[in-house]
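I have placed the structure first, in the form of structure tokens, so that the comments after it can refer back to it.
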Amino acid sequence: MANYKTIAPVDYVTGKLNKKDKTVFRQKFARDSNGAVIRPMKKEVYVIQNPRNWKKNPAKGAEKLKQDRWSEACAKTKAILHDPEQRALWQQRWQAQLKKAEPDAPIDPHSGKRKIYAKFDCYVRAKIWYKLCSTT
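Using our numbering, the letters of the sequence shown correspond one by one to residues 15 to 150.
Quick look at the structure:
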């Protein structure tokens, strides 16, 4: 994905410019539990080339296993986010890692330091994902 800069009138362009266009613009925002923006993420642009036909080429083997693990991590994350007790415990861990990265966090390739997750749901999902990958 490439980064892009915009001028003030079109600062928040997202999506495609028209239906036939294969260029997609997006920007994600990290928000706290109240919905306030913690940090805007990079502005990204990418071109959809050769989209996969999933009916003709379904996932198999290691790719299917990875997709199944991801689905399991997403389902467990959703359950945690909807359970107030578990959510509170995970939120404490997330708040702590905002100040100092956890020692088992992966290395961020851009900075070379331990990754700090700005988004709460991404933090929970990543922790569950790494646990699932390490157990099997």
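For glycine and all other residues, C-beta sits at the position ideal for the given N, C-alpha and C. Values in this document were obtained by computation on a predicted structure and should not be read as measured data.
For residue i, the three-state DSSP class (helix, strand or coil)
| i | result |
| --- | --- |
| Ile62 | coil |
| Pro72 | coil |
| Pro98 | helix |
| Lys42 | strand |
| Lys36 | coil |
| Lys56 | strand |
| Ile142 | helix |
Best match in the options for proximity to residue i [C-alpha to C-alpha]
| i | options | result |
| --- | --- | --- |
| Val59 | Asn48, Lys80, Lys36 | Lys36 |
| Arg40 | Lys70, Asn48, Val61 | Val61 |
Nonlocal neighbours in the same chain, by C-beta distance under 7 Å from residue i, ignoring five residues either side
| i | result |
| --- | --- |
| Ala132 | Ala44, Ile52, Arg53 |
| Gly126 | none |
CB contact flag (residue i, residue j, <9 Å)
| i | j | result |
| --- | --- | --- |
| Glu99 | Arg107 | no |
| Trp104 | Ile94 | yes |
| Met55 | Lys42 | yes |
| Tyr137 | Pro120 | no |
| Cys88 | Arg128 | no |
| Thr91 | Asp135 | yes |
| Gln81 | Ala73 | yes |
Cβ separation of residue i and residue j, assumed to be a contact under 8 Å, to the nearest whole Å
| i | j | result |
| --- | --- | --- |
| Ile130 | Gln109 | Not a contact, Cβ separation roughly 11 Å. |
| Leu146 | Glu77 | Their Cβ separation, rounded to whole angstroms, is 16 Å, which puts Leu146 and Glu77 out of contact at 8 Å. |
8 Å Cβ shell around residue i - same chain, five flanking residues per side excluded
| i | result |
| --- | --- |
| Arg101 | Ile94, Leu95 |
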